[in-house]
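>
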Ligand SMILES: [Zn+2]
């Protein structure tokens with residue numbers, strides 16, 4: 313028999329205090345005292361769990377992984393998904409076993425948002441609640457450290473509750489239920505939720521936010537468009553009327569109307585001729601290109617049908633309105649309209665094009681720093 317000495321170490325405690333020893337001498341060598349801790353199921357222990365060390369190590373590793381994700385080439389949606397599935401589990405694993413003070417959780421969430429902001433992925437004045445709301449509901453779908461710790465803790469409580477009747481040790485341990493606190497929602501906030509409440513009345517909410525799920529945009533573009541929706545960007549009207557850092561609220565380009573997001577994205581006379589037209593043509597281009605391609609295929613494939621089609625096209629004209637809001641809002645009928653156009657024009661590609669066009673106009677007009 314031989315001992316795996318490198319896997320052995322010894323710790324002796326007397327009345328709760330760790331005592332140094334000479335180790336255990338064996339013919340093959342010595343089993344020495346542990347340095348400062350050993351790991352049991354991944355949690356460092358010595359004289360009890362080393363909670364502070366565990367939390368510090370987990371938090372450092374979590375933040376290191378967040379940074380790693382933010383340096384990657386992933387798009388916005390995949391960045392949040394990767395943080396959720398690659399960085400947060402580092403916190404989740406020990407969270408159910410050791411105590412995690414609220415202040416530390418809060419600090420780590422703030423740090424995460426600061427890192428996002430540094431990389432252009434979160435506007436500092438944008439809604440924090442919305443950052444953590446699901447993409448289906450118009451949020452960014454990030455999971456907070458707070459939600460992770462809370463979820464892991466309550467799941468473990470549930471498990472203990474369920475097993476307690478069959479287990480003496482668990483029954484003695486008992487469970488203290490921590491009440492889940494439901495926070496306020498971003499939709500109800502007066503400024504952050506204003507756009508959302510407006511489009512609720514006129515647009516298809518689910519469709520209006522589907523670009524967040526399906527367009528695959530960079531997170532800096534997502535952050536910019538959401539900040540625009542939330543009135544979080546510093547336009548001259550916001551600077552004059554809300555922050556009082558400026559006297560004149562009028563548009564820097566036309567000097568006619570107050571410079572609001574609505575004005576810059578869709579109402580400025582100075583932008584109408586070129587910028588809006590460009591965006592409009594790009595959106596129309598998607599529809600057009602598809603028709604052209606399909607037209608070509610059809611002509612080659614169905615030579616016999618050609619004459620008949622041409623004749624039919626001369627007399628039968630249908631107007632198909634394709635309407636997309638500057639910030640992505642679409643009507644419930646958009647899909648139906650698009651289906652009337654030959655070829656397959658996906659509503660998401662039309663919407664993506666409009667949102668990207670708006671992002672370009674906002675970046676140019678507000679002279680936003682590179683990241684945005
Ligand atoms: Zn203007």
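In our numbering, the protein residues as written are 313 to 684.
Using N, Cα and C, we set each Cβ at its ideal position, and we do this for glycine too.
How would you label residue 531, buried or exposed, when you count the other beta carbons within 10 angstroms and need 16 or more for buried?
Counting from one through the chain shown, the residue named residue 531 turns up at place 219. Buried is the call here.
> So which residues touch the region around ligand 2, with touch meaning a C-beta under 5 Å from any heavy atom?
Judged by which ligands are present, ligand 2 is missing from the structure shown, whose ligands are ligand 1.
> By the DSSP assignment, the alpha helix (DSSP H) with residue 475 in it spans what residues?
Along the chain shown, one-based indexing puts residue 475 at 163. From DSSP, the alpha helix (DSSP H) with residue 475 extends over 457–475.
> Determine the contact status of residue 510 and residue 577, defining contact as a CB-CB distance below 9 Å.
Taking the chain shown and counting its residues from 1, the one referred to as residue 510 is at position 198. Taking the chain shown and counting its residues from 1, the one referred to as residue 577 is at position 265. Not a contact, by the Cβ cut-off of 9 Å.
> Give the straight-line distance between the Cα atoms of residue 639 and residue 540, rounded to the nearest whole angstrom.
In the chain shown, counting from the first residue as 1, residue 639 sits at position 327. In the chain shown, counting from the first residue as 1, residue 540 sits at position 228. Cα to Cα, the separation comes out at about 8 Å.
> Pull up the distance between the alpha-carbon of residue 558 and that of residue 673, whole angstroms please.
For this step, residue 558 is matched to residue 246 along the chain shown. For this step, residue 673 is matched to residue 361 along the chain shown. Going from the Cα of residue 558 to the Cα of residue 673 covers about 22 Å.
> Evaluate contact between the stretch 409–418 and the stretch 387–394, counting only Cβ atoms and requiring at least three cross-stretch pairs below 8 Å.
Flag = no, the stretch 409–418 and the stretch 387–394 do not touch.
> Apart from the five residues just before and just after residue 552, which ones in its own chain have a Cβ nearer than 6 Å to its Cβ?
As a working mapping, residue 552 is identified with position 240 in the chain shown. Cβ neighbours of residue 552 beyond the five flanking positions: 558, 561.
> According to DSSP, what are the bridge partners of residue 390?
The sequence position of residue 390 within the chain shown is 78, counting from 1. Residue 390 is not bridged to any residue.
> Residue 661 lies in the beta strand (DSSP E); which residues open and close that run?
Locating residue 661 in the chain shown gives position 349, where the first residue counts as 1. Counting along the chain, residue 661 falls outside any beta strand (DSSP E), though it belongs to the alpha helix (DSSP H) covering 659–677.
> Please report the Cβ distance between residue 343 and residue 321, rounded to the nearest whole angstrom; I am assuming they are in contact, meaning their Cβ atoms lie under 8 Å.
The residue labelled residue 343 in the question sits at position 31 within the chain shown. The residue labelled residue 321 in the question sits at position 9 within the chain shown. Yes, they are in contact, since the Cβ atoms of residue 343 and residue 321 sit about 6 Å apart, within 8 Å.
> Hey, residue 432 and residue 515 are a contact pair by Cβ (cut 8 Å); roughly how many whole angstroms apart?
Counting from one through the chain shown, the residue named residue 432 turns up at place 120. Counting from one through the chain shown, the residue named residue 515 turns up at place 203. In fact, because the Cβ distance is near 28 Å, the residues do not count as touching under 8 Å.
> Does the Cβ of residue 484 have 16 or more other Cβ atoms within 10 Å, making it buried, or fewer, making it exposed?
The residue given as residue 484 occupies position 172 in the chain shown. By the 10 Å Cβ count, residue 484 comes out exposed.
> Out of curiosity, what's the CA-to-CA distance linking residue 411 and residue 637?
By one-based count along the chain shown, residue 411 stands at place 99. By one-based count along the chain shown, residue 637 stands at place 325. So the two alpha carbons sit approximately 48 Å from each other.
> Enumerate in chain order the residues of its own chain whose CB-to-CB distance from residue 596 is below 8 Å, with the five nearest sequence positions on each side excluded.
Within the chain shown, numbered from 1, the residue matching residue 596 stands at position 284. If we look at residue 596 and ignore the five residues flanking it on each side, its Cβ neighbours are 634.
> Considering only C-alpha positions, which residue in the set 345, 655, 352 is nearest to residue 331?
Numbered from its first residue, the chain shown carries residue 331 at position 19. Residue 331 has its Cα closest to that of 345, out of 345, 655, 352.
> My assumption, with CB atoms under 8 Å, is that residue 537 sits in contact with residue 667. Please give the rounded CB distance.
Within the chain shown, numbered from 1, the residue matching residue 537 stands at position 225. Within the chain shown, numbered from 1, the residue matching residue 667 stands at position 355. Sure, about 6 Å apart at Cβ, within 8 Å.
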